[in-house]
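Student: Chains E and P supply the protein sequences, listed in that same order. Take this note's numbering: the last position of the first sequence gets the number 346, and nothing is skipped along the way. Take this note's numbering: the last position of the second sequence gets the number 346, and nothing is skipped along the way. Using N, Cα and C, we set each Cβ at its ideal position, and we do this for glycine too. Note that the coordinates shown come from a computational prediction; the quantities given were computed from them, not determined experimentally. Below are the structure tokens for one structure; questions will follow.
Number of protein chains: 2
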Amino acid sequence: MTVHELLQGVQAGKRRHLAKAITLVESNREQDQKLAQELISKVQSGKETIRVGISGVPGVGKSTFIEALGSLLINQGLKVAVLAVDPSSPATGGSILGDKTRMEKLSSMREAFIRPSPTSGTLGGVAKRTRESMILCEAAGYDVILVETVGVGQSEFEVASMVDCFLVLMLPGAGDSLQGIKRGIMEIIDILVINKADGDQEKLAKLAATEYQNAFHLLTPKFENIPVQFATVSSVRKKGIDETWEKVITFIKALKKESLFQSQRKEQELNWFKRLVEDEVLRKIWNTVENKKAAEKFKAKIASGEISPSQAAMEFLNQI
Amino acid sequence: MTVHELLQGVQAGKRRHLAKAITLVESNREQDQKLAQELISKVQSGKETIRVGISGVPGVGKSTFIEALGSLLINQGLKVAVLAVDPSSPATGGSILGDKTRMEKLSSMREAFIRPSPTSGTLGGVAKRTRESMILCEAAGYDVILVETVGVGQSEFEVASMVDCFLVLMLPGAGDSLQGIKRGIMEIIDILVINKADGDQEKLAKLAATEYQNAFHLLTPKFENIPVQFATVSSVRKKGIDETWEKVITFIKALKKESLFQSQRKEQELNWFKRLVEDEVLRKIWNTVENKKAAEKFKAKIASGEISPSQAAMEFLNQI
Numbered sequence: 027m028t029v030h031e032l033l034q035g036v037q038a039g040k041r042r043h044l045a046k047a048i049t050l051v052e053s054n055r056e057q058d059q060k061l062a063q064e065l066i067s068k069v070q071s072g073k074e075t076i077r078v079g080i081s082g083v084p085g086v087g088k089s090t091f092i093e094a095l096g097s098l099l100i101n102q103g104l105k106v107a108v109l110a111v112d113p114s115s116p117a118t119g120g121s122i123l124g125d126k127t128r129m130e131k132l133s134s135m136r137e138a139f140i141r142p143s144p145t146s147g148t149l150g151g152v153a154k155r156t157r158e159s160m161i162l163c164e165a166a167g168y169d170v171i172l173v174e175t176v177g178v179g180q181s182e183f184e185v186a187s188m189v190d191c192f193l194v195l196m197l198p199g200a201g202d203s204l205q206g207i208k209r210g211i212m213e214i215i216d217i218l219v220i221n222k223a224d225g226d227q228e229k230l231a232k233l234a235a236t237e238y239q240n241a242f243h244l245l246t247p248k249f250e251n252i253p254v255q256f257a258t259v260s261s262v263r264k265k266g267i268d269e270t271w272e273k274v275i276t277f278i279k280a281l282k283k284e285s286l287f288q289s290q291r292k293e294q295e296l297n298w299f300k301r302l303v304e305d306e307v308l309r310k311i312w313n314t315v316e317n318k319k320a321a322e323k324f325k326a327k328i329a330s331g332e333i334s335p336s337q338a339a340m341e342f343l344n345q346i
Numbered sequence: 027m028t029v030h031e032l033l034q035g036v037q038a039g040k041r042r043h044l045a046k047a048i049t050l051v052e053s054n055r056e057q058d059q060k061l062a063q064e065l066i067s068k069v070q071s072g073k074e075t076i077r078v079g080i081s082g083v084p085g086v087g088k089s090t091f092i093e094a095l096g097s098l099l100i101n102q103g104l105k106v107a108v109l110a111v112d113p114s115s116p117a118t119g120g121s122i123l124g125d126k127t128r129m130e131k132l133s134s135m136r137e138a139f140i141r142p143s144p145t146s147g148t149l150g151g152v153a154k155r156t157r158e159s160m161i162l163c164e165a166a167g168y169d170v171i172l173v174e175t176v177g178v179g180q181s182e183f184e185v186a187s188m189v190d191c192f193l194v195l196m197l198p199g200a201g202d203s204l205q206g207i208k209r210g211i212m213e214i215i216d217i218l219v220i221n222k223a224d225g226d227q228e229k230l231a232k233l234a235a236t237e238y239q240n241a242f243h244l245l246t247p248k249f250e251n252i253p254v255q256f257a258t259v260s261s262v263r264k265k266g267i268d269e270t271w272e273k274v275i276t277f278i279k280a281l282k283k284e285s286l287f288q289s290q291r292k293e294q295e296l297n298w299f300k301r302l303v304e305d306e307v308l309r310k311i312w313n314t315v316e317n318k319k320a321a322e323k324f325k326a327k328i329a330s331g332e333i334s335p336s337q338a339a340m341e342f343l344n345q346i
């Protein structure tokens, strides 16, 4: 298939073409990458889309939540794509492929497109491919892109840096039984959802939401006039799913009202460019054989107190 | 004065030599820097020291707190040096020099050494000089180094990355009147002190401490077995100062028990080396005239959607 044919197919919303295009994006072959980049620079998405990151520890019920949310959105007449950033996912296809079998209802819907996490490469590589797949899904006419992550390593930050709204699922519980929020995550959360607010856990969930709310209250907000929002949900009973989506919409509307929606996306793209450049440059600095040797030598000297860090930095920079 | 003489003087704890050595460290002249680096790589501090970072918004009462704490420590027979990282400090000498006149009691004590923030250069530059001045103070026999910052820009993070224990002062208040904690700071706080717990504000301060405590309770701790500690203090009435220092000592002991004390310092030095190298490399990447031009060109192309961020990164890297 030529790039032109792919482009036509993707823009026409053909699943087969979209899947093939994403395969190109995910390929490590240089030739495929050239084609992928050509394709990505050509595709255009006319319509407004919403990108939502969804994170939470394994067992919090992400896939049940995504299945429920996705179905709700499709019933509202929207097309939904589900992608994932999961560096931990094995060659077998990663968490979401597993989820896919569980997301039976959603994956059977014509308006849903579910793609497992790219399974090879570093977190940065996985994120890059997901980011580009997202663009392709939007070009194929998907209105809402749900990007899931299991929150391994830095993956939440990767996902938060590619979506409009970052949503974190937590388990019910209160006081000492509340799960600690991973360091740094508090700062990137837009919507905190307590899942599994089922039956007698419902009270607990509401209490937890309040406790988290009090905690967030002490943080300078991410966006001055847009407070973090809190919801309690029962994915299995489909309770609170629509309210949660309402909160997402409210958040997005607030972004647009403050004209932060487009600016956040532009900023994300520019940061992405910056990141790709810096990652590559620093990789060269620290990972080429001779530099690695030199760095180790200086680190040893610093550890032994033989040389000050700044002296070592000066000498190291002169060497490379 | 030769480096040898300076070295002798500093190691003998002579104030005049220490001051001169720090002036060398702070100088931008290349020749001075060479001498400074030679000196720093030669000095040795036999005794165990404690490095405490102290931050808080203007008006929270840092200098009164430092005056009270410093006097307490000196009465315990310790020698105390007070340094500062304050990129905002004007050529006149910066906040601490102002404070110095207010830290009357402390600055009149023979066992205290108070040095204003380096007044020229970037935050990174200011931090580098303070970091090196700290080494010199320790070589001169100071047991406790208090590094103050007003918390402009990233200065708290700079200070936290050079001390054993990072202490933040907050004002009393409860509920809505609690000040929001600056983004990212929560993660680096070891001890949170509510200052100005005077008279009828004392209750409020205790309440605030509890509320902050509940908030921190939801965070995965910085050190697994070392919880963040909370204190309420009245610097003017010298109430709670000794308890606060007790908490610092408890924290330091806990670090040592987990054998994290030395490892944290080593790690800080290696990170410092890494940072100096990367800052310099990235400065070259983004700030040289032609690279800047090229980057701007690509950023414009990204903004117009003409090219994808990863495509732009590839082309930019090929150009430079």
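Please state if the CB of residue 85 of chain P and the CB of residue 192 of chain P are separated by a distance shorter than 8 Å.
Tutor: No, these two residues do not count as a Cβ contact at 8 Å.
Student: Spell out the partners DSSP gives residue 255 of chain E in its beta bridges.
Tutor: Partner(s): E/217.
Student: Hey, how far is the Cα of residue 89 of chain E from the Cα of residue 218 of chain E?
Tutor: Approximately 16 Å between the Cα atoms of the pair.
Student: So, with DSSP's three-state summary, where would you put residue 45 of chain P?
Tutor: In the structure shown, residue 45 of chain P sits in a helix (DSSP, three-state: H, G or I).
Student: Using the Cα positions of residue 117 of chain P and residue 39 of chain P, report the straight-line distance between them to the nearest angstrom.
Tutor: For residue 117 of chain P, the pLDDT reaches just 42, beneath the cut-off of 50, and the residue's location in the model is therefore unreliable, although a value from the coordinates is still provided. Taking the straight line joining both Cα atoms gives about 28 Å.
Student: So residue 90 of chain E is in the alpha helix (DSSP H); what residue range does that whole segment cover?
Tutor: Element bounds for residue 90 of chain E: 88 to 101.
Student: According to DSSP, residue 79 of chain P sits in a beta bridge with which residue or residues?
Tutor: BP columns for residue 79 of chain P point to P/173 and P/192.
Student: By Cβ distance, which residues of its chain are closer than 7 Å to residue 331 of chain P, with the 5 residues on each side in sequence left out?
Tutor: For residue 331 of chain P, where only same-chain residues beyond five positions count, there are no Cβ hits under 7 Å.
Student: Output, in chain order, the set of chain P residues within a Cβ distance shorter than 8 Å of residue 246 of chain E.
Tutor: Chain P residues near residue 246 of chain E: 206, 207, 208 and 209.
Student: Determine, using beta carbons only, whether residue 254 of chain E comes closer than 8 Å to chain P.
Tutor: No, residue 254 of chain E lies away from the interface with chain P (no Cβ there is under 8 Å from its Cβ).
Student: Using a Cβ cut-off of 8 Å (strictly closer), state whether residue 63 of chain E contacts chain P.
Tutor: Closer than 8 Å: yes.
Student: Within the continuous beta strand (DSSP E) that includes residue 109 of chain P, where are the two ends?
Tutor: Counting along the chain, the beta strand (DSSP E) containing residue 109 of chain P begins and ends at 106 to 111.
Student: Does residue 241 of chain P come within less than 8 Å of chain E when only Cβ atoms are used?
Tutor: Yes, residue 241 of chain P lies at the interface with chain E (some Cβ there is under 8 Å from its Cβ).
Student: Out of P/162, P/107 and P/141, which one is the CA nearest neighbour of residue 33 of chain P?
Tutor: Residue P/162 is the option with its Cα nearest to residue 33 of chain P.
Student: Given a cut-off of 8 Å on the beta-carbon distance, is the pair residue 336 of chain P and residue 194 of chain P in contact?
Tutor: In this structure, residue 194 of chain P does not lie closer than 8 Å to residue 336 of chain P by Cβ.
Student: Considering only DSSP beta bridges, list what residue 328 of chain E is partnered with.
Tutor: For residue 328 of chain E, which the question treats as bridged, DSSP gives no partner whatsoever.
Student: Please go through the same chain and pick out, in chain order, the residues whose beta-carbon is closer than 8 Å to the beta-carbon of residue 175 of chain P, but skip the five residues on each side of it.
Tutor: Taken in chain order, the residues that qualify are 79, 80, 81, 110, 111, 112, 181, 182, 184 and 185.
Student: Report the neighbours of residue 335 of chain P on chain E: residues whose CB is nearer than 7 Å to its CB, in chain order.
Tutor: Within chain E, the residues near residue 335 of chain P are 295, 298, 299 and 302.
Student: Residue 229 of chain P to residue 246 of chain E, Cα distance in whole Å?
Tutor: If you take the alpha carbons of residue 229 of chain P and residue 246 of chain E, they lie about 24 Å apart.
Student: Classify residue 236 of chain P: buried if its beta carbon has 16 or more other beta carbons within 10 angstroms, exposed otherwise.
Tutor: Classification for residue 236 of chain P: exposed.
Student: Please name the residue, chosen from P/106, P/240 and P/156, that lies closest to residue 135 of chain P on a Cα-to-Cα basis.
Tutor: Closest by alpha carbon: P/106.
Student: Looking only at its chain, what residues have a beta carbon closer than 8 Å to the beta carbon of residue 251 of chain E, apart from the 5 residues adjacent to it on each side?
Tutor: Within the same chain, residue 251 of chain E has close Cβ partners 280 and 284.
Student: Using 8 Å for Cβ pairs, my map puts residue 172 of chain P next to residue 96 of chain P. What's the rounded Cβ distance?
Tutor: Indeed, because the Cβ distance is near 7 Å, the residues count as touching under 8 Å.
Student: Return the residue from the list P/295, P/198, P/140 and P/319 that minimises the CA-CA distance to residue 261 of chain P.
Tutor: Checked all of P/295, P/198, P/140 and P/319; the closest Cα to residue 261 of chain P is P/198.
Student: Just to confirm, is the Cβ distance from residue 324 of chain E to residue 304 of chain E under 8 Å?
Tutor: Against a cut-off of 8 Å, the Cβ pair of residue 304 of chain E and residue 324 of chain E comes out as no contact.
Student: Any beta carbon of chain E sitting closer than 8 Å to that of residue 213 of chain P?
Tutor: Answer yes: the Cβ-Cβ gap between residue 213 of chain P and chain E drops below 8 Å somewhere.
Student: Since residue 110 of chain E meets chain P, which of its residues come closer than 8 Å, beta carbon to beta carbon?
Tutor: Ordered by position in chain P, no residue passes the 8 Å Cβ test against residue 110 of chain E, which lies about 19 Å from the chain.
Student: Is residue 122 of chain E helix, strand or coil when you go by DSSP?
Tutor: Residue confidence for residue 122 of chain E is low, a pLDDT of 49 falling below 50, so the modelled location carries little weight and cannot support an answer.
Student: For the region 48 to 58 of chain P against the region 306 to 322 of chain E, are there 3 or more C-beta pairs whose distance is under 8 Å?
Tutor: Verdict: no, contact absent.
Student: Give the secondary structure of residue 117 of chain E by DSSP, where H, G and I count as helix, E and B as strand, and everything else as coil.
Tutor: Residue confidence is low: residue 117 of chain E scores 42 on pLDDT, short of 50, so the model does not pin down where it sits. No coordinate-derived value is stated.
Student: Comparing the C-beta of residue 44 of chain P with each C-beta of chain E, is any distance below 8 Å?
Tutor: No, no contact with chain E.
Student: I'd like to confirm the pairing. Which residues does DSSP put opposite residue 347 of chain E in its beta bridges?
Tutor: Chain E is shown only over 27 to 346; residue 347 of chain E falls outside these bounds and no answer can be derived.
Student: If you reduce the DSSP assignment to three classes, tell me which class residue 166 of chain E lands in.
Tutor: In the structure shown, residue 166 of chain E sits in coil (DSSP, three-state: anything other than H, G, I, E or B).
Student: Along the region 227 to 241 of chain P, where does the CB come closer than 9 Å to a CB of chain E? Name the residues.
Tutor: Answer set for the region 227 to 241 of chain P: 237, 238, 240 and 241.
Student: Tell me which same chain residues have a C-beta within less than 6 Å of the C-beta of residue 346 of chain P, skipping the five on either side of it?
Tutor: Within the same chain, residue 346 of chain P has close Cβ partners 317.
Student: Once you ignore the five residues that flank residue 274 of chain P on each side, which residues in its own chain have a CB closer than 8 Å to its CB?
Tutor: Once the five neighbours on either side are set aside, the close Cβ partners of residue 274 of chain P are 76, 78, 191, 193 and 217.
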